[in-house]
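A.B. asks:
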Amino acid sequence: MATTSQIVTLPAEEFVVSSVCLPLDSALPGAPGESSTSAAKQEHGGPRSIQGGNSREGGELAAAGIAQPGTITSGEATPKPHSRGAVALIMTPLCLSVILSSLDLTIVTPAIPSIAGEFQSGSSGYIWIGSAFILSYTAITPIWGSVADIWGRKPVILAALSLFLAGSLLCALSSTIKSLIGGRAVQGLGASGMGTMVNVVICDTFSLRDRPLYLAISSIVWAVGSAVGPVIGGAFTTQLSWRWCFWINLPIGAVVFGVLFFFLDVPNPKTPVLLGLKAIDWAGSSLIIGGTLMVLLALTFGGVTYPWSSVAVINLIIFGTVVFGIFIINEWKLASNPVIPLRLFTNRSTVAAYGLFAFNSYVFLGLAYYLPLYSQSVLGADAEMSGVYLVPLIVSCSLAAALSGVFIQKTGKYLPVMYAAQIFLTLGVGLLINLDYEKNLTKLLIFQILAGIGTGMNIEGPLLAAQAATTVLDTAAVVATMSFGRSIATSVSVVVGGVIFQNEMDARFGDLVDKLGQAVAGNFSGDQASANVDLILDLSDSQQDIVRRTYFASLRTVWIMV
């Protein structure tokens, strides 16, 4: 039960960041003359307040119109409805942004063997081409929410898009593996901001009752973009060149930039640059970026570049953990405008929502990243066909996200959807472990559909559960925190999956040498296996069978990890 606590009331006419008051005078699209604060006032019935202690759970659920956990009440006051034209002008540029940011999570997946082979970078290059994007994506994610609170949603999403396009150009023109990895890192910085800001704008614009539908739309676009990435990347790699995985972003990105610039109409505080810079939690930002990079670099280096017992890996883990500890102290005691307010973690339901959202992303990207490797190395598919084999995951995830979003909007209930999602997800991923070596596309189809339904149903529920237990003031912080958790999970999924696969191939390398000889087997050692999938086709049928069985056994352990 809620307990008595001090209440700090914030005027509805102001949005407070640290000691800086940022007026929100612009009208939201579709609601002429209505500011976002007045919309918030309608939605929550008056001035916004931050409550300390356990009263947050009771007071804020009531403020959000939530009668009980897992249910959105029909009596919730809602902002003025938007016209269809206004909704289209809001959602079109947002969905285009999601397409670009999600596409590049996986578009290079089927192209990585070709890229690594062209630059002769070995397994380390294979891992870093994907990891550089995800590392930068993850490390910077928490910062976007606080920056957007200061300077507004539109300037921040345009800046993020500009970074993304600059990184894409660098990748397309890269002549060395180092420049390509650098470009991927810049891409990740921009994609992180684009992905975070889309959900922030949706949550700013639509009432809690209406959000499921629009979050479902953005989730479908995200799922489709990240899942069709391998299909498009495979087609480019097979028919044109892997560089088209990056060239394609430029014309699309230019259109997106224009649409966002001219038609995205959201409140933008007129905060002076210097005043805004003072409001940023620089210490917290530096600490969370540094701690995240240290831990993820340790996971990336461990067992690949350095042994797990090496001084470099151990130091990265230790110092990364220490930096995270200092970050928590900074956010708790020192920061006036924290990057991640610790009050977001005082509610068990919210913490559970964060964890579930991260877990769901961990599974989805792990499947999207390593199923193409399975298709090429075990099933003998080319880069293009390996992407086609992901279609069941794409379609089932998209449909499940759409239907669950409509269900939540109509009924106001999200907990039943979340429970059902865990059943489908556990069943689908668990069955992948029991795949036989012999090609069986029916099993692969069914298992992907089950996993896709589970991941799709699990997208809106956690986000809505977290928002239902917090105030409107914390919308950007909640979305950024959930995006950060998702980014951490996807980073761990890709990096740890790569490490496990390499270690499993190394463990079976002696058997390959006995059967194929050192010269042939050397191409498929742990640090070469991912980059040399194309070389399997140069072997005799009997040799191919030996190598493919080795890949199959190693990837089975990856499915267990997922």
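For the sequence shown, the UniProt record's numbering gives the first residue as 1, with consecutive numbering after it.
Every residue, glycine too, gets a C-beta built ideally from N, C-alpha and C.
Bear in mind the structure is a predicted one, so any value in this text is a computation, not a measurement.
Under the rule that 16 or more other beta-carbon atoms within 10 Å means buried, what is Asp104, buried or exposed?
C.D. replies: For the purposes of this step, residue 104 is taken as residue 104 along the sequence shown, with counting starting at 1. Buried, because 16 or more other Cβ atoms sit within 10 Å of the Cβ of Asp104.
A.B. asks: Which residue comes first and which comes last in the alpha helix (DSSP H) that contains Lys410?
C.D. replies: Residue 410 sits at position 410 when you count from the first residue of the sequence shown. Note, Lys410: alpha helix (DSSP H), Val391 to Thr411.
A.B. asks: Three-state secondary structure (DSSP) at Tyr414?
C.D. replies: As a working mapping, residue 414 is identified with position 414 in the sequence shown. It is coil, neither helix nor strand.
A.B. asks: Does the CB of Ser542 have a neighbour CB from chain C at under 8 Å?
C.D. replies: In the structure shown, chain C cannot be found, because there is only a single protein chain.
A.B. asks: Check the DSSP bridge columns for Pro306 and list the partner residues they point to.
C.D. replies: Taking the first residue of the sequence shown as 1, we reach residue 306 at position 306. Reading off the sequence, residue 306 comes out as Tyr, not Pro. Its beta-bridge partners are Gly302.
A.B. asks: Per DSSP, what kind of secondary structure is Thr550 in: helix, strand or coil?
C.D. replies: Here the question's residue 550 lines up with position 550 in the sequence shown. Three-state DSSP puts Thr550 in a helix.
A.B. asks: Among Asp506, Leu135, Leu213 and Gly366, which one has its Cα closest to the Cα of Gly291?
C.D. replies: For the purposes of this step, residue 291 is identified with residue 291 of the sequence shown, where counting begins at 1. Checking every option, the nearest Cα to that of Gly291 belongs to Leu135.
A.B. asks: Here's the rule I'm using: 16 or more other beta-carbon atoms within 10 Å means buried, otherwise exposed. How should Pro79 be labelled?
C.D. replies: Locating residue 79 in the sequence shown gives position 79, counting from the first residue. With a pLDDT of only 49 at Pro79, under the threshold of 50, the placement of this residue in the model should not be trusted; the figure read from the coordinates follows. Buried, since its Cβ has 16 or more Cβ neighbours within 10 Å.
A.B. asks: Identify, in the order they occur along the chain, each residue of the same chain with its Cβ nearer than 7 Å to the Cβ of Ala489, setting aside the five sequence neighbours on each side.
C.D. replies: Within the sequence shown, residue 489 is the residue found at index 489, counting from 1. Excluding sequence neighbours, Ala489 sits near Ala358, Phe359, Ser361 and Tyr362.
A.B. asks: Which whole-angstrom value describes the C-beta separation of Asn555 and Val378, a residue pair presumed to lie in contact below a C-beta threshold of 8 Å?
C.D. replies: As a position in the sequence shown, residue 555 is number 555, starting the count at 1. As a position in the sequence shown, residue 378 is number 378, starting the count at 1. In the sequence as presented, Asn is not what sits at residue 555; that position holds Leu. Rounded, the Cβ-Cβ distance is 7 Å, consistent with contact.
A.B. asks: So, at 6 Å on beta carbons, what are the nonlocal neighbours of residue 629 in its own chain, with the 5 sequence-adjacent residues on each side left out?
C.D. replies: Since the displayed the chain opens at 1 and closes at 562, residue 629 lies outside it and no answer follows.
A.B. asks: In angstroms with no decimal places, state the Cα-to-Cα distance between Ile340 and Leu264.
C.D. replies: Looking up residue 340 in the sequence shown gives position 340. Looking up residue 264 in the sequence shown gives position 264. One C-alpha to the other measures close to 27 Å.
A.B. asks: Hey, how far is the Cα of Ala368 from the Cα of Glu504?
C.D. replies: To locate residue 368, count along the sequence shown from 1; it is residue 368. To locate residue 504, count along the sequence shown from 1; it is residue 504. Looking at the two C-alpha atoms, the distance is approximately 20 Å.
A.B. asks: Which residue from Pro462, Leu89, Gly85 and Gln502 puts its Cα closest to that of Arg486?
C.D. replies: Taking the first residue of the sequence shown as 1, we reach residue 486 at position 486. Closest by alpha carbon: Pro462.
A.B. asks: Measuring only the C-alpha atoms, how far is Ala335 from Met418?
C.D. replies: In the sequence shown, the residue the question calls residue 335 occupies position 335. In the sequence shown, the residue the question calls residue 418 occupies position 418. One C-alpha to the other measures close to 35 Å.
A.B. asks: Determine the extent of the alpha helix (DSSP H) in which Gln518 is found, giving its start and end residues.
C.D. replies: Translated into the one-based positions of the sequence shown, residue 518 becomes position 518. It spans Gln518 to Ala521 - the alpha helix (DSSP H) in which Gln518 sits, taken as one unbroken run.
A.B. asks: Whose C-alpha, out of Val156, Pro155, Ala216 and Ile150, is nearest the C-alpha of Ser398?
C.D. replies: What you label residue 398 is simply residue 398 of the sequence shown in a count that begins at 1. Taking only the C-alpha atoms, the option nearest Ser398 is Ala216.
A.B. asks: Considering only the beta carbon of each residue, do Ala402 and Ile220 sit closer than 8 Å?
C.D. replies: Translated into positions along the sequence shown, residue 402 becomes position 402. Translated into positions along the sequence shown, residue 220 becomes position 220. In this structure, Ile220 lies closer than 8 Å to Ala402 by Cβ.
A.B. asks: Measure the alpha-carbon distance for Thr557 versus Val494 and round it to whole angstroms.
C.D. replies: Numbered from 1 along the sequence shown, position 557 holds the residue referred to as residue 557. Numbered from 1 along the sequence shown, position 494 holds the residue referred to as residue 494. Going from the Cα of Thr557 to the Cα of Val494 covers about 14 Å.
A.B. asks: Would the beta-carbon of Tyr354 fall within 8 Å of that of Ala466?
C.D. replies: In the sequence shown, residue 354 corresponds to position 354, counting from 1. In the sequence shown, residue 466 corresponds to position 466, counting from 1. Going by C-beta atoms, Tyr354 is nearer than 8 Å to Ala466.
A.B. asks: For Ala480 and Ala191, I'd like the C-alpha separation in whole angstroms.
C.D. replies: Residue numbering aside, residue 480 sits at position 480 when the sequence shown is read from its first letter. Residue numbering aside, residue 191 sits at position 191 when the sequence shown is read from its first letter. About 13 Å.
A.B. asks: Find the nearest neighbour of Ile177 within the set Asn330, Glu118 and Arg211, judged by alpha-carbon distance.
C.D. replies: Here residue 177 refers to the residue found at position 177 of the sequence shown. Ile177 has its Cα closest to that of Glu118, out of Asn330, Glu118 and Arg211.
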